[in-house]
Amino acid sequence: MIDDSPSARLNAITLERNIPVSVTIELTRRCPLACLHCYLPETQGRARPAAELTTARWKMIISQLAEAGTLYLVFTGGEPLLRPDLAEICAYAKKLKFDVRVFSTGLGLDEARALTLKKAGVSGFDISFYGPPAVHDGITGVKGSFTRSLTVARLLKKVGINVKMKTPLMKKNLARAGWLKAMAKREGFEISFDPVITAANDGDASALNLRLSGRQLTKAVKLYGAAPKESGAAPKVGPGGEPQPYSQPFDFLCGAGRNVCAVGPYGDLYPCLQLQLDLGNLTRRRFADIWKNAAWLKKWRGAGAKDVKACAACAHIDFCSRCPGISLVEEGDIFAPNKPACEIARTNSQMALKTARWPVS
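Reading the sequence shown from the start, the letters are residues 121 to 481 in our numbering.
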C-alpha cells in the first residue's frame with residue numbers, strides 16, 4: 121500500500137530535493153525540571169549553558185530558513201518559556217508564514233502569556249506527561265510539576281491552542297501508559313508515545329537503565345502504537361489496523377540532514393537534535409551555504425540502504441525506522457543497526473503478518 125497523502129507527497133518531494141521542510145530550534149538548554157532521562161547534560165549539571173542567541177539573531181536565522189523553503193518550525197529547549205522573547209520570535213515566524221509549534225513543560229505560563237502566544241500564531245503546544253502526579257513528579261524531580269503542567273495544558277486549550285501530550289515511555293511509567301491515554305481522551309488532548317530513551321548528548325549512558333526491555337518495548341508498540349521520536353509518527357497502518365511498510369527506500373536512513381535539521385541555542389546547525397554533528401554556526405555562515413555545501417551533508421545525502429550493510433538482508437527492513445543518531449552514540453557507527461529499532465521493526469513486521477493471515481472481519 122503506497123501512502124499518497126499530501127503529507128507523504130510533501131515528504132517525498134522535500135527529501136528528493138533536500139528542502140529543509142521542518143526545522144527544530146532549541147532556544148535554550150535551561151530548564152526548571154531535572155528529568156531522569158533528559159539527554160541534555162546542562163539539565164544534569166554536567167555542562168554550563170553558554171550565551172544564547174539574541175532575538176535579532178534568531179530573526180535573521182528564521183528569515184534564512186524561509187528563503188530555504190522551510191514550512192514548519194518547532195521551538196524547544198530546555199524550556200523555551202524561559203525566553204522572555206518567545207512570543208516575539210513566534211510572531212516573527214508566523215509573519216513569514218511558518219506553522220509554529222512549541223515543545224514545553226508548560227511551567228511558567230499564565231493566561232496573559234497564553235493569549236499573547238495565541239495572538240503570535242502558535243498552532244500547538246506539545247507538553248510532556250509521564251503518568252499520575254506521583255509518577256510524573258518522580259521523573260521530573262520537581263514536586264507539583266504534574267499539576268502545574270496540567271493546569272497550563274487546560275489553559276492553552278481554553279485560549280484555542282492545540283495541546284498534545286508527549287510521553288516518553290520507560291520502566292518507571294510503562295504501566296501508566298493506559299492511564300495517560302485515558303487522561304488525553306478525557307481532557308481532549310492528542311497524545312503520542314515515544315518508547316526509546318536515549319543516551320545524553322555528551323555520551324553519558326546512565327539514562328539507558330530506564331529504557332524498556334525487549335519484551336516491554338514489544339508491549340508498548342502493540343498496545344499503544346508507540347513510535348520512536350526519530351520516525352515522527354506512529355507506525356503506518358492499513359485499513360485493518362495492520363502496520364504498513366515504509367514506502368520510500370530513502371526513508372530508511374531518515375530525513376536528518378535531508379529534509380529536516382535542527383539549530384542549537386548558540387547557533388550551531390545539526391542534522392537533527394538526536395544527531396549532534398556540528399555542521400557549522402549560523403552566526404558566521406548563512407544557512408543556505410552550510411545546507412548546500414557542508415561536506416558531511418553531501419556524503420550523507422549520497423548514502424542509501426546499501427550502506428547499512430548489517431541490515432540489507434533483514435526480513436523486517438521495510439518496517440524499520442532506525443535512528444542514525446542512536447546508532448552513532450550507542451554503536452559508534454551511523455550505519456549500524458541499534459537494538460530498539462530492531463525490536464520495533466520486528467514487532468511491526470510480526471503484527472503485519474498476523475493481520476494478513478487473520479484479516480479483520
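Cβ coordinates follow ideal geometry from the N, Cα and C atoms, glycine included.
Within the segment 295-322, the runs of beta strand (DSSP E) that reach at least 3 residues and sit entirely inside it are, in chain order, 310-314. Remark: fewer than three beta-carbon pairs, one from each stretch, lie closer than 8 angstroms, so the segment 260-269 and the segment 235-245 are not flagged as touching.
In the DSSP assignment, Glu-146 falls within the beta strand (DSSP E) that extends over 142-146. In the structure shown, the three-state DSSP call for Met-471 is helix.
Ranking Lys-179, Trp-416 and Leu-227 by CA distance to the CA of Ile-454 puts Trp-416 first. One thing to note: Cys-440 has its Cβ no nearer than 8 angstroms to the Cβ of Ala-414. In this structure Ser-326 is exposed. Its beta-carbon is surrounded by fewer than 16 other beta-carbon atoms within 10 angstroms. Arg-221 is bridged by DSSP to Val-194 and Gly-244. In this structure, DSSP gives Met-180 a helical state, which the three-state scheme calls helix. For the pair Ala-154 and Arg-203, the Cα-to-Cα distance works out to about 18 angstroms. Between Thr-267 and Val-255, the alpha-carbon positions lie close to 12 angstroms from each other. With a cutoff of 8 angstroms on beta-carbon distance, Leu-402 and Val-380 are scored as not near each other. Boundaries of the alpha helix (DSSP H) harbouring Ala-340: 334-344, taken from the DSSP string. Looking at the backbone, the Cα of Val-141 and that of Ala-376 are separated by about 11 angstroms. Following the DSSP letters along the chain, one finds Lys-278 inside the alpha helix (DSSP H) bounded by residues 265-279. For Leu-130, the enclosing alpha helix (DSSP H) stretches over residues 126-137. Per DSSP, reduced to three states, the secondary structure at Gly-400 is strand. Residues Ser-142 and Asp-219 of the same chain have their beta carbon placed closer than 6 angstroms to that of Tyr-192, with the five preceding and five following residues left out of the count. Under DSSP, Thr-287 shares a beta bridge with Phe-313. From the listed residues Leu-395, Phe-313, Gly-228 and Leu-389, the smallest Cα separation to Arg-406 is found for Leu-389. Residue state for Leu-389 is assigned as strand, using DSSP reduced to three classes.
In the three-state reduction of the DSSP assignment, Ala-408 falls in the helix class, which pools H, G and I. For Glu-146, the closest of Ser-469, Thr-467, Ala-170 and Lys-291 by C-alpha to C-alpha distance is Ala-170. Each residue's CA atom was taken as its position, placing Lys-284 and Pro-457 some 30 angstroms apart.
Taking C-beta atoms as the reference points, Ala-319 and Leu-328 count as a pair closer than 8 angstroms.
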